[in-house]
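K.L.:
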Amino acid sequence: MRPLKLVMNAFGPYKGKVEIDFTQFNQKTLFLVSGPTGAGKTTIFDAIAYALYDDASGTSRGKDTFKSQFASDEVLCYVELEFELAGKKYYIKRTPAQMGPGKHRIKKYSPEVELIHGTNVTTKINEANKEIQDLLSLSYEQFKQIVMLPQGEFKKMLESNSADKEKIFRNIFQTDIIKAFQLDLKEEARRLKSEVEQSDKMMEQFVGMIQPQENESLAEAIQLLDIKYLLTELEMALDTYRDKMQQYTSEMDQLRKKMHDNQERVEWLTELAQLEQTKNELEALKTAVDQKRTTLALNEKAQKLAALKEQQQQEATDKTAVYQHLEADKQALRETRQALKENKKDFAAVEKKYVLLPEKREAVNQLEQEERTIKTIKTKENQIKGFEEDNQHHEADIEKQAATLIDYKKQVEQIKNLLTESYQARTDLLEKQKSANELQEKNNALSSKQKSVTVLAQTVEQKETKLALFKETEAAYQAIEEDYKQQRLAYNRNIAGMLADELEADSACPVCGSMEHPHTAVLTEDIVSQEQLEAFEEEKNQKYQAYNSATNEVRHLNERIQEYEQLLELHASEAGGALNQLQEELTALADERTKLAIDIEQLEQLAGQEKDLQHQLEEIQQAERRLESVIQELSSVCQNNCKRIQETKEEIQELRLQLTYEELEQVQATKRQLIDELQQIEAAYKKHQDKKIALEKSETQYQTSTLSLEAQHERLVVRYEEATAEFEKQLKAANLNEAFEEHLIDAEQAKTLTEEVAAYDQKVWVNRVNYQKQKEKLAASDSRTIEDYQLENQEKQKELANLAETYQELVGTVKNYETASGEISKNYEAKQAQLENYRLYSELAELANGSKETDYVSFERYVLAIYFEEIILAANLRFTQMTNNRYSLLRREEKVKGTGAKGLDLDVFDNYTGKTRSVRTLSGGESFKASLALALGLSDVIQNHSGGVSVDTLFIDEGFGTLDSDSLDSAIETLFELNQRGRLVGIISHVEELKMRIPVHIDVTKTSQGSQVKVKM
23 MRPLKLVMNA FGPYKGKVEI DFTQFNQKTL FLVSGPTGAG KTTIFDAIAY ALYDDASGTS
83 RGKDTFKSQF ASDEVLCYVE LEFELAGKKY YIKRTPAQMG PGKHRIKKYS PEVELIHGTN
143 VTTKINEANK EIQDLLSLSY EQFKQIVMLP QGEFKKMLES NSADKEKIFR NIFQTDIIKA
203 FQLDLKEEAR RLKSEVEQSD KMMEQFVGMI QPQENESLAE AIQLLDIKYL LTELEMALDT
263 YRDKMQQYTS EMDQLRKKMH DNQERVEWLT ELAQLEQTKN ELEALKTAVD QKRTTLALNE
323 KAQKLAALKE QQQQEATDKT AVYQHLEADK QALRETRQAL KENKKDFAAV EKKYVLLPEK
383 REAVNQLEQE ERTIKTIKTK ENQIKGFEED NQHHEADIEK QAATLIDYKK QVEQIKNLLT
443 ESYQARTDLL EKQKSANELQ EKNNALSSKQ KSVTVLAQTV EQKETKLALF KETEAAYQAI
503 EEDYKQQRLA YNRNIAGMLA DELEADSACP VCGSMEHPHT AVLTEDIVSQ EQLEAFEEEK
563 NQKYQAYNSA TNEVRHLNER IQEYEQLLEL HASEAGGALN QLQEELTALA DERTKLAIDI
623 EQLEQLAGQE KDLQHQLEEI QQAERRLESV IQELSSVCQN NCKRIQETKE EIQELRLQLT
683 YEELEQVQAT KRQLIDELQQ IEAAYKKHQD KKIALEKSET QYQTSTLSLE AQHERLVVRY
743 EEATAEFEKQ LKAANLNEAF EEHLIDAEQA KTLTEEVAAY DQKVWVNRVN YQKQKEKLAA
803 SDSRTIEDYQ LENQEKQKEL ANLAETYQEL VGTVKNYETA SGEISKNYEA KQAQLENYRL
863 YSELAELANG SKETDYVSFE RYVLAIYFEE IILAANLRFT QMTNNRYSLL RREEKVKGTG
923 AKGLDLDVFD NYTGKTRSVR TLSGGESFKA SLALALGLSD VIQNHSGGVS VDTLFIDEGF
983 GTLDSDSLDS AIETLFELNQ RGRLVGIISH VEELKMRIPV HIDVTKTSQG SQVKVKM
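In this text, residue positions in the sequence shown follow our numbering: the first is 23, and each later residue adds one.
(1) Quick one: Cα of V533 to Cα of Q552, how far?
(2) If distances are taken between C-alpha atoms only, which option among S90, K125, E798 and M179 comes closest to V941?
(3) Can you pull the DSSP bridge partners for K937?
(4) Taking S953 as the reference, which of R883, D634, L911 and Q391 has the closest Cα?
(5) Please report the distance separating the alpha-carbon of S864 from that of F203.
(6) Could you check which residue in Q1034, V550 and T616 has the C-alpha nearest to that of G60?
(7) Taking contact to mean at least 3 C-beta pairs separated by less than 8 Å, is the segment 300-318 in contact with the segment 764-777?
(8) To the nearest angstrom, how far is it from the Cα of E892 to the Cα of V963?
(9) Taking 8 Å as the limit between beta carbons, can you name the residues of its chain near Y445, skipping five residues before and five after?
(10) Run the CB neighbour count on A629, radius 10 Å, all protein chains shown included, and call it buried at 16 or more, exposed below.
(11) Give me the Cα-Cα distance between L738 and Q346, rounded to the nearest whole angstrom.
(12) Taking all protein chains shown into account, decide if P58 is buried (16 or more other Cβ within 10 angstroms of its Cβ) or exposed.
(13) Would a C-beta distance cut-off of 9 Å place F105 and L26 closer than the cut-off?
(14) Is the beta carbon of R577 less than 9 Å from the beta carbon of T481?
(15) Smallest Cα separation from S843: which of L297, E460, I888 and V229?
(16) I'd like to check one pair, R913 with A955: are the Cβ atoms closer than 9 Å?
(17) So what's D877 in DSSP terms, helix, strand or just coil?
(18) Measuring CA to CA, which of F47, A108 and G38 is closest to K89?
(19) Starting from I978, trace the alpha helix (DSSP H) both ways and give me its first and last residue.
(20) Checking 9 Å against the spacing of the C-beta atoms, do M274 and L825 come in under that value?
(21) Pick from N151, Y860 and A361: whose alpha carbon is nearest that of D76?
(22) Does DSSP put V344 in a helix, in a strand, or in coil?
(23) Can you tell me which of the three DSSP states S239 falls into?
(24) Could you check the C-alpha separation between L475 and M1018 for me, to the nearest Å?
(25) Does the distance from the C-beta atom of A756 to that of K352 stay below 9 Å?
(26) Can you check DSSP and say which residues form a bridge with D1025?
(27) Opposite I138 in the DSSP bridges: which residues?
(28) Can you say whether T65 is buried or exposed, counting buried as having 16 or more other CB atoms within 10 angstroms of its CB?
(29) Apart from the five residues on each side of it in sequence, which residues of its chain come closer than 6 Å, Cβ to Cβ, to G970?
(30) For the segment 931-938 against the segment 121-129, are there 3 or more C-beta pairs whose distance is under 8 Å?
(31) Looking at C-alpha atoms only, which residue of W787, L681 and K432 is the closest neighbour of E392?
(32) Measure the beta-carbon distance from K454 to I622 and round it to whole angstroms, keeping in mind my assumption that it falls under 8 Å.
(33) For G599, count neighbouring C-beta atoms within 10 Å of its own C-beta (all shown protein chains included) and say buried if the count is 16 or more, exposed if not.
(34) Which class does F998 belong to by DSSP, given the choice of helix, strand or coil?
(35) Output the residue ranges of the alpha helix (DSSP H) runs that lie fully inside the segment 755-818 and measure 4 residues or longer, sorted by chain position.
(36) Would you mind reading off the limits of the alpha helix (DSSP H) that contains Q220?
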C-alpha cells in the first residue's frame, strides 16, 4: 500500500483544506515531517490511519477529537486519501460525527464513508472497513505495527512483560481463538466440578428427608450414607407400605358403598314425602285455575269480534276518502281544459316574432366580427410601441458593452506582458535551483566531514580520560599484586605453626606421625589465615579485571583514532583547527544558501503566477468573445424589430378599410341591444311552449285518475257490505251481544293468565309421574325410617375416618420415600458421568492454561513464543548492525519463581561483557534502536504470515532525538536501506541533522489561525 494524495479539511490543528501530494516527491521516497511541538505532524499519520481504518495512529487520540477547534460549525471536517495497491488506485473519503451546517441552523452529522475502487462505490461504514481490511490483508492492529510506529508505542512493547506482550501479539497474530479455547476448558472444568458438588449436595438433602421409622436397616444405611445399600432398603420398605395401603383402600371402599346405599334410601323417603305435600297443594288451587280458563276463552271470542268490527269501520272510511278524491279530480279536469283554450290564443302572437330570430342573429355575428377587427388593430398598435421601446434599450446596451470590450482588450495586453516576465522567471529559477543543489551537496560533504572530525576530537578526549583511568588501575593492580605476594609468603611461613597449634596430647603429628611433640613450631607475628589470603586473592583478581578492561578500552580508542586519521588524512592533534575551519566554511556556505533561497522563493512566486495569469488571460478572452457575440445579437434584434414595425403598420391600414363603425363602444352598444331583443323573444316563446306542454300533461293525468277512482269506489262499496254481514254472523255464533267488548282483556294480562294455567298443568303432571316412580323404588326396600338409616351412617363415618387417617400417613411416607429414592438415584447416576468428564477437562485446562508441568507457559503463549522467536531473529539482523555487533535480542527462557505469565519476556546479550541483561537497562538511544529493529522485524514477520502481503510504506513518529552521532548514522543507514528497496519512509523528528540529510521535507507551521503544511524538495 502506497499513499498517493492526502486531503484534510478542518482536521486536527488544520483549520482549512490541506493537500499533500506524495507523487510529487519525484522517486525520493524518504521524507521528513518537521515542525514545532503541537503543530500537527502526527496528525498527518492520524489522517491516513483514520481514512483507512476509521481510527487514529496512536492510543491517545480518539475520533471525537478529529475536528479542528479552529474551524466553525459552518465547515465540515473530512479526510480524503488516494492510494495505490498492486498497481490499482483506490479513493476513500471519511467524515466523522460532528456539528455542521444545515438549511436553517447548525445540525448534527453522523459519520460517513465513500470508498471508490474501479466502478464500485461503498458508502456503508462496516462494509468499507471490511473491504479495506480485505484489500490490505491486515487488521488495524497489524497495520499499526507494520506501517505506523506511533510515539512511544514500540518502546512500551519492548519493555513490557509476558502478560502485556501476550495482549499485543494476540491482536496482531489473532490468537483470540486459542485464548478462548483455554478459557472454555477452564470454564468447563469449573462447571463440571460445580455439578459434582451440586449432585453431592442434592443427594445429602434428599437422604436427610428420609424418616426410617422403626426400620433399623434403613437407619443404618442413612447413617453410613451408603447410596447403593440405602436405595435397596428404601425399595423394600416401599413394597411393605404399598401392600398395607391396598388393604386399607379395600376396607374404605366397602364402608363408602354401605353409606351411599343408606343415604340413597333416606333421599327417596324424603322426596316421596315432599311429592305428597305438593299434590295436596295443587288440589287446593284447582277452582281458581278453572276460573282463569273461562276468562281466557271469552277473551278469545271477543278478540275475533273486535277485529271484524274494526275491518267494517276501515272499509267505510276508505269508501268515503275515494269518493272525495274523485270529485276533486273532476273539478281540476274542467279547469285545465279552460286554461288550454286561453294559452292557444296568446301563443300565436309570440310565434310571429320568433320567425324573425335568424335575421337578428346574423346582425349580431357581423357586429362581433367588427369588434374583433377593432381589438386586433389596438393589439398591433401596442406591439409597435413595444418594438420601439425594446430598440431604445438595446441601443443603450450596445453602447455600454462596447465600452467594456475596450477595457477587456487593455487587460489582455497587460496580462500578456506579465506572462512574458513569468516565462523569464522560470528560466532563471532553473539556474538558481541548480546552484542550490550544488550548494546542498557541498554542504552535505562539509557536514559529513565536520561530523567525522568532531567524532575524532571526542575520541581523543575519551582516550585521554581512559588513559588516566588506565594508569590508575595499573598502579592499583601492581600495588595489590605486591601485597598479595607478601601475604602469600607470610601464610606459607606460618603453616607449621598453625599445625602445631592444633596438636593435642597423645595424638599423632599430621606431618611426621610421632606421638611425642618435644619441639613444636611457633607462630610469627605476621600471621595470615587462609580466609584472609583468599580475600586478598579475590581483590587482586578484581583489580586485574579492571586493569584489563581499561587496557582494552584504550587500545580500542587508539584503533578508532587511527581509522579516522586515515579516513580524514588528518592528524588527531589538528582536529581542533580543522573544526574551526570547517565551521567557517559552513557558515559562509549557509549565508550563500540563505541568499540563494530568498532569490529562489521570489522567482518561485513570480513563476508560480504563470498558471494564474494564463487562466486570467483565457477568462478575459472568453469574456471578450462573449461580449462581441452579445453586441452582434443586440444589433440583429434592433434590425428585426424595425422590419416588424413597418409590416404591422401596413396590416393596420388594411384592417381599417373593413370597418363600418369608427369606435369600439358604438359596436358593443348596438350588439348589446340586439342580444337583449333576441333573449326576450326566446324567453317569451319558451314560456308559452312550456305552459302548453304542462297543461296537456295535466289534462291526461286527470282523465286517467278519474276513471281509476270511479272503479275503486265501486269495489269499496261491495267490500263494506260484505264486512257488515260477516260481523253480524260471528256475533250471533259467539252467543254474545253488542256489549261483547266488556270481555276483552289486554295482551299482557292474557299472556300472564295463559302462562299460569300452563304452569299449573305442568306441575300436576310432573307431580303425578314422580310420585309413581318413588313408590316403585321403595317397594323393594325394607320398612326402616329415615332416622334408622342416618344413625347407621354416623357409625360407619367414624370407622371410615380412622381408616383414612392411617392411610394418609402411609401415603405421605411412601411419597417421601419415592421422591427421595428417585432423586438420589438420578443424582447418583449423574455424578458418575460428571466425575469422569471433570477429571478429563480439569487435566486439559491445567495443561492449556499453564501449570507446573508446563513451567506455567500457556498454550497461547507457547504459540506466540514461536512467532516471537521469528520476530527476534528478524530484528537482530538490523539491531546488531545498528549497534556495531555489540547487542542482540534474546527471548528469556530461564525459569523464575512465581506462577505469573512467562515465555515472552525479552533480554539483551552484550558481546562486550559476554553477559545477558534486561532490555530495561538499555540507554534511551539504545532502546530506540532496539524498538526500531523490533518494529521492523515484526513488520517482516506479519507480512510473511499474511500471505506475503506487500506493504510499501513505513511511518516513524519521533525517537531520533535520543541517538548519538554514531547511532543516528546506523538508524539512517537502516532507513535508507528500506528506502532503496522501494518503501515510502516518513519520519517525524525535531533532529536538525535529519533535515540536512533528508532532502524532502514536509514543514508544518503553527499559527494563531491553525497550522499549515508546505512541501520542500
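Don't be surprised by glycine CBs; every beta carbon is placed ideally from N, CA and C.
P.N.:
On the basis of the supplied data:
(1) Here residue 533 is taken as the residue at index 511 of the sequence shown, counted from 1. Here residue 552 is taken as the residue at index 530 of the sequence shown, counted from 1. The predicted position of V533 is uncertain, since its pLDDT is 49 and thus under 50; no value can be drawn from it.
(2) For the purposes of this step, residue 941 is taken as residue 919 along the sequence shown, with counting starting at 1. Checked all of S90, K125, E798 and M179; the closest Cα to V941 is M179.
(3) Within the sequence shown, numbered from 1, the residue matching residue 937 stands at position 915. According to DSSP, which records beta bridges pairwise, K937 is partnered with D932.
(4) One-based indexing of the sequence shown puts residue 953 at position 931. Here the closest residue by C-alpha is L911.
(5) Locating residue 864 in the sequence shown gives position 842, where the first residue counts as 1. Locating residue 203 in the sequence shown gives position 181, where the first residue counts as 1. Taking the straight line joining both Cα atoms gives about 14 Å.
(6) Position 38 of the sequence shown, counted from the start, is the residue given in the question as residue 60. For the set Q1034, V550 and T616, the Cα lying nearest the Cα of G60 is the one of Q1034.
(7) The segment 300-318 is in contact with the segment 764-777.
(8) Residue numbering aside, residue 892 sits at position 870 when the sequence shown is read from its first letter. Residue numbering aside, residue 963 sits at position 941 when the sequence shown is read from its first letter. About 7 Å.
(9) Walking along the sequence shown from the start, residue 445 turns up at place 423. Within the same chain, Cβ atoms closer than 8 Å to the Cβ of Y445 are found at E632, the five residues on either side in sequence being excluded.
(10) Here the question's residue 629 lines up with position 607 in the sequence shown. A629 should be labelled buried.
(11) For the purposes of this step, residue 738 is taken as the residue at position 716 of the sequence shown. For the purposes of this step, residue 346 is taken as the residue at position 324 of the sequence shown. Answer to the nearest angstrom: the Cα atoms are 13 Å apart.
(12) Your numbering for residue 58 matches position 36 in the sequence shown. Exposed.
(13) Reading the sequence shown from its first residue, position 83 is the one you call residue 105. Reading the sequence shown from its first residue, position 4 is the one you call residue 26. Result yes, Cβ atoms of F105 and L26 sit closer than 9 Å.
(14) Here residue 577 corresponds to residue number 555 of the sequence shown, with the count starting at 1. Here residue 481 corresponds to residue number 459 of the sequence shown, with the count starting at 1. No, Cβ-Cβ distance for R577 and T481 is not below 9 Å.
(15) Here residue 843 refers to the residue found at position 821 when the sequence shown is read from its first residue. Closest by alpha carbon: V229.
(16) The residue you call residue 955 lines up with position 933 of the sequence shown. The residue you call residue 913 lines up with position 891 of the sequence shown. A distance of 9 Å or more separates the beta carbons of A955 and R913.
(17) Looking up residue 877 in the sequence shown gives position 855. Three-state DSSP puts D877 in coil, outside helix and strand.
(18) Counting from 1 along the sequence shown, the entry for residue 89 is found at position 67. Nearest in C-alpha terms to K89, of all of F47, A108 and G38, is G38.
(19) Numbered from 1 along the sequence shown, position 956 holds the residue referred to as residue 978. Taken as a continuous stretch (DSSP letters only), I978 belongs to no alpha helix (DSSP H), being part of the beta strand (DSSP E) at T975 to D979.
(20) For the purposes of this step, residue 274 is identified with residue 252 of the sequence shown, where counting begins at 1. For the purposes of this step, residue 825 is identified with residue 803 of the sequence shown, where counting begins at 1. Between M274 and L825, the gap from beta carbon to beta carbon is short of 9 Å.
(21) Residue mapping note: residue 76 aligns to position 54 of the sequence shown, counting from 1. Checked all of N151, Y860 and A361; the closest Cα to D76 is N151.
(22) Locating residue 344 in the sequence shown gives position 322, counting from the first residue. DSSP, read as helix, strand or coil, puts V344 in helix.
(23) Numbered from 1 along the sequence shown, position 217 holds the residue referred to as residue 239. In the three-state reduction of the DSSP assignment, S239 falls in the helix class, which pools H, G and I.
(24) In the sequence shown, counting from the first residue as 1, residue 475 sits at position 453. In the sequence shown, counting from the first residue as 1, residue 1018 sits at position 996. This sequence places Val at residue 475; Leu is not what is there. Going by the C-alpha atoms only, they are around 17 Å apart.
(25) The residue you call residue 756 lines up with position 734 of the sequence shown. The residue you call residue 352 lines up with position 330 of the sequence shown. At a Cβ-Cβ threshold of 9 Å, A756 and K352 do not count as neighbours.
(26) On the sequence shown, residue 1025 is found 1003 positions in, with the first residue counted as 1. DSSP lists S56 and K1036 as partners of D1025.
(27) Indexing the sequence shown from 1 puts residue 138 at position 116. In the DSSP assignment, I138 forms a beta bridge with Y113 and V143.
(28) Position 43 of the sequence shown, counted from the first residue, corresponds to residue 65. It counts as buried.
(29) On the sequence shown, residue 970 is found 948 positions in, with the first residue counted as 1. Per-residue confidence for G970 stands at a pLDDT of 48, beneath the threshold of 50, marking its modelled position as unreliable; no derived number is given.
(30) Contact between the segment 931-938 and the segment 121-129 is absent, with fewer than three C-beta pairs closer than 8 Å.
(31) To locate residue 392, count along the sequence shown from 1; it is residue 370. Selected option, being the one with the closest Cα: L681.
(32) Counted from its first residue, the sequence shown places residue 454 at position 432. Counted from its first residue, the sequence shown places residue 622 at position 600. Contact holds; Cβ gap of about 5 Å.
(33) Numbered from its first residue, the sequence shown carries residue 599 at position 577. Classification of G599: exposed, given that the 10 Å Cβ count is below 16.
(34) Stepping through the sequence shown from its first residue, residue 998 is reached at position 976. Three-state result, F998: helix.
(35) As far as the segment 755-818 is concerned, its whole alpha helix (DSSP H) runs of at least 4 residues are 769-800.
(36) Taking the first residue of the sequence shown as position 1, residue 220 is located at position 198. Here the alpha helix (DSSP H) through Q220 covers D198 to G230.
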